[in-house]
Amino acid sequence: MLHNTPPCDERKRKGRSEAAQNAKASEENYNSIWDPKYGPSVAKAMLETTENKVPFDLVARLMERIASMSTSGSILIFLPGLNIISP
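Per UniProt numbering, the very first residue in the sequence shown carries number 1; after that it's consecutive.
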């Protein structure tokens, strides 16, 4: 539908120690749990998405898609905080 591909996680590119990476990997990643009715591209995108970062590009694309449906209604989006969305 939207064919969203999350950007590469900056933390993976920085030289973190192997112990720190293993500690992070031991935390449960809820993005690795998905319904099998979705295709492999959705599963791959979910695994590449970090839970603690808001994908603003995906939010914008979803808003554009909903707005293009020509139905009346409202969109309510909960964002974490102004300090995250302000430059």
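No residue lacks a Cβ here, since even glycine has one placed at the ideal position from N, Cα and C.
Boundaries of the alpha helix (DSSP H) harbouring Leu47: 40 to 48, taken from the DSSP string. Less than 8 Å separates the beta-carbon of Pro80 from that of Val54. Burial check for Ala67: the Cβ neighbour count within 10 Å stays below 16, so the residue is exposed. In the three-state reduction of the DSSP assignment, Asn83 falls in the helix class. Secondary structure at Met69: coil, using DSSP grouped into helix, strand and coil.
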